[in-house]
Amino acid sequence: MTQDRFALVPAAYLVLLREPEAGRREVLLQLRRGTAYMDGWWACGAAGHVEQGETALQGAAREAREELGIEVLPEDLDLAATVQRTCVVPSDHPELEERIDIFVTATAWTGEPTIQEEGKAGELRWWPLDELPERVVPHERAALQSVAAGERGTFHAFGFEQRLTLIAAVGRNGVIGDGREMPWHLPEDLRFFKSTTMDGVLVMGRGTWDSIGRALPGRSTIVVTRQPGWSAPGAEVAHSLCEALTIAGDGEVFVAGGGQIYAQTIGHAHRLLLTQVDLEPQGQTRFPTVDPDLWQEVSRTPGEPPVTAWVTWERR
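Numbering-wise (our numbering), the sequence shown opens with residue -6 and increments by one.
So, in structure tokens, the structure goes:
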């Protein structure tokens, strides 16, 4: 019996460098637009999949021609960094998540870089390599920082150390809300939520954001929505769950709802923090069933009615 092998998708990234008279190195970045992935973030001037039959150097040279309208010779490219990345929650588009990204630098080329694919880039700009804009695609920032530090051939891994913690208040009937507003006001549980998530990263759906109504202080918030152009003051916006997890970075990420996001992530989470509420509110949004064959209760702290307890589950 044959078994499909796990496959990594290779991509080549061109780090175009120049050094003006002031002696401060600059890198050419493009502002992503219309790609449905990390739009509104700065990225390398040219990048794309390595095609069958070509090397990463040849792929970078081809992307330079296709995206920037310049000619770069493969032999003039130097390996800068390699990034391997994954997403803890698989999707229908593994080519966006299971990647091996090869970053190469170029200081010599022919032609003037200009946007060749108007629908995919909003702007080209030279940035000081040691003073990048705030919103650079995270794994690309890591590679560019290696270039700025004078490192060569550095390896970076993204997504492999990310851990998901689902946090929710759940009624006796499993209901967590009605999709519009919180089904209860529990000051004691709000204090628990604040102390638990403070200084952390929150990922939530649009409905949860609307029910809260604002960015919570002391935490980084990422909102998942399919609506193009929608913004959330004080929060980052992602258009897929994996994009949100890319922005969140490695370490613990708190998933704060709603029902669809919980359903997508519970199979890949490592911890559940559930507030048991002794109420049966109306609503169609429910927390997924916690399977005791997969999850082990490791702690239980009693609360004051209507909070029955704060319960921690860890994956077996």
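Here a beta-carbon is modelled for each residue, glycine too, at the ideal position from N, C-alpha and C.
Task: Straight-line gap, residue 165 to residue 272 (C-alpha atoms, nearest Å) - done: Residue 165 and residue 272: Cα-Cα distance of roughly 6 Å.
Open item on the list: Within the continuous beta strand (DSSP E) that includes residue 194, where are the two ends?
Closed with: Where residue 194 is concerned, the enclosing beta strand (DSSP E) stretches over 194 to 198.
Open item on the list: DSSP has residue 279 in a bridge; who is on the other side?
Closed with: In DSSP, residue 279 forms a bridge with 168.
Open item on the list: Does residue 266 pass the burial test, meaning 16 or more other C-beta atoms within 10 Å, or should it be called exposed?
Closed with: So residue 266 counts as buried.
Open item on the list: Quick check on DSSP: helix, strand or coil for residue 58?
Closed with: DSSP places residue 58 in helix when its eight states are reduced to three.
TODO: For the beta strand (DSSP E) containing residue 21, list its first residue and its last residue.
DONE: Run containing residue 21: 19 to 25, per the beta strand (DSSP E) assignment.
Open item on the list: So the candidates are 244, 62, 208 and 245; which of them puts its Cα closest to the Cα of residue 230?
Closed with: Taking residue 230 as reference, the option from 244, 62, 208 and 245 with the minimal CA-CA separation is 208.
TODO: Express the C-alpha separation of residue 73 and residue 188 in angstroms, rounding to a whole number.
DONE: Residue 188 and residue 73 have their C-alpha atoms roughly 41 Å apart.
Task: Identity of the residue in 75, 52 and 132 nearest residue 66 by Cα - done: Closest in alpha carbon position to residue 66, among 75, 52 and 132, is 52.
Open item on the list: Is the separation between the beta-carbon of residue 61 and that of residue 40 shorter than 8 Å?
Closed with: Contact flag unset, no.
Task: residue 131 (DSSP reduced to helix, strand or coil) - done: It is helical.
Task: Cβ pair residue 121, residue 17 closer than 8 Å - done: Contact flag set, yes.
Open item on the list: Using only the alpha-carbon positions, how far apart do residue 288 and residue 309 sit?
Closed with: For residue 288 and residue 309, the distance between alpha carbons rounds to 5 Å.
Task: Buried versus exposed, by CB contacts within 10 Å (16 or more), residue 234 - done: Around the beta carbon of residue 234, 16 or more other beta carbons lie within 10 angstroms, which makes this residue buried.
Open item on the list: Please state whether the Cβ-Cβ distance between residue 261 and residue 195 is less than 8 Å.
Closed with: In this structure, the beta-carbon distance from residue 261 to residue 195 does not fall below 8 Å.
Task: Among 257, 245 and 91, the one whose alpha carbon lies nearest that of residue -2 - done: In terms of Cα proximity to residue -2, the closest of 257, 245 and 91 is 91.
Task: Check whether residue 292 and residue 301 have beta carbons under 8 Å apart - done: Judged by their CB atoms, residue 292 and residue 301 are not nearer to each other than the 8 Å cut-off.
TODO: Determine the extent of the beta strand (DSSP E) in which residue 252 is found, giving its start and end residues.
DONE: Counting along the chain, residue 252 sits inside no beta strand (DSSP E); it lies in the alpha helix (DSSP H) bounded by residues 252 to 258.
Open item on the list: Could you check whether residue 296 and residue 278 sit closer than 8 Å to each other, using their CB atoms as the reference points?
Closed with: At the C-beta level, residue 278 and residue 296 stay beyond 8 Å of one another.
Open item on the list: Please report the straight-line C-alpha distance between residue -6 and residue 269, rounded to a whole angstrom.
Closed with: Bear in mind that a pLDDT of 48 at residue -6, under 50, signals an unreliable position, so the model cannot answer this.
Open item on the list: Considering only their Cβ atoms, is the gap separating residue 176 from residue 151 smaller than 8 Å?
Closed with: The answer is no: Cβ separation not under 8 Å.
- [ ] Go to residue 267, then tell me how far its alpha helix (DSSP H) extends in each direction, as first and last residue.
- [x] Per DSSP, residue 267 belongs to no alpha helix (DSSP H); it is in the beta strand (DSSP E), 264 to 270.
Task: Where residue 216 sits in the DSSP three-state scheme - done: Three-state DSSP puts residue 216 in a strand.
Task: Cβ pair count under 8 Å reaching 3, the stretch 207 to 227 against the stretch 235 to 249 - done: In short, these stretches touch, since the Cβ pair count reaches three.
- [ ] Determine, using beta carbons only, whether residue 37 and residue 133 come nearer to each other than 8 Å.
- [x] Their beta carbons are under 8 Å apart, which means residue 37 touches residue 133 by this criterion.
TODO: Could you tell me how far apart the beta carbons of residue 98 and residue 123 are, in whole angstroms, since I believe they sit closer than 8 Å?
DONE: Between residue 123 and residue 98 the Cβ distance is about 15 Å, and since that is not below 8 Å, they are no contact.
Task: With 16 other Cβ atoms within 10 Å as the buried cut-off, status of residue 223 - done: Counting Cβ neighbours within 10 Å, residue 223 comes out exposed, since fewer than 16 surround it.
Task: Range covered by the beta strand (DSSP E) that runs through residue 98 - done: Counting along the chain, the beta strand (DSSP E) containing residue 98 begins and ends at 92 to 99.
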